[in-house]
Amino acid sequence: MGNLLSNALTLGLVIASAIAQGHGGRLELETTTGHGSVFRLVLPAESGTP
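In short: position in the sequence shown from 1, add 11, done, that's the numbering used here.
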């Protein structure tokens with residue numbers, strides 16, 4: 012089950028990264044050993060949006 016979960020998480024990150032790049036953004040990762048990871052989906056603001 013662990014390998015299946017790992018594969019599913021990897022696929023999810025690949026999909027999220029592709030979506031971000033398709034919209035001119037990026038996927039960021041911040042990790043701290045023993046505390047976990049934070050993933051950020053960063054997208055550019057639409058022109059004219061404050």
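Cβ atoms here follow ideal geometry from the backbone N, Cα and C, with glycine treated the same way. Only a predicted model underlies this, so the values are computations on that prediction, with no experimental measurement involved.
{"Asked": "Between which two residues does the alpha helix (DSSP H) containing residue 13 stretch?", "Found": "13-33"}
{"Asked": "My assumption, with CB atoms under 8 Å, is that residue 27 sits in contact with residue 52. Please give the rounded CB distance.", "Found": "6 Å"}
{"Asked": "What is the residue span of the beta strand (DSSP E) that residue 47 lies within?", "Found": "47-53"}
{"Asked": "Since residue 31 contacts residue 54 with CB under 8 Å, what's their CB separation in whole angstroms?", "Found": "7 Å"}
{"Asked": "From the DSSP output, read off the bridge partner residues of residue 39.", "Found": "51"}
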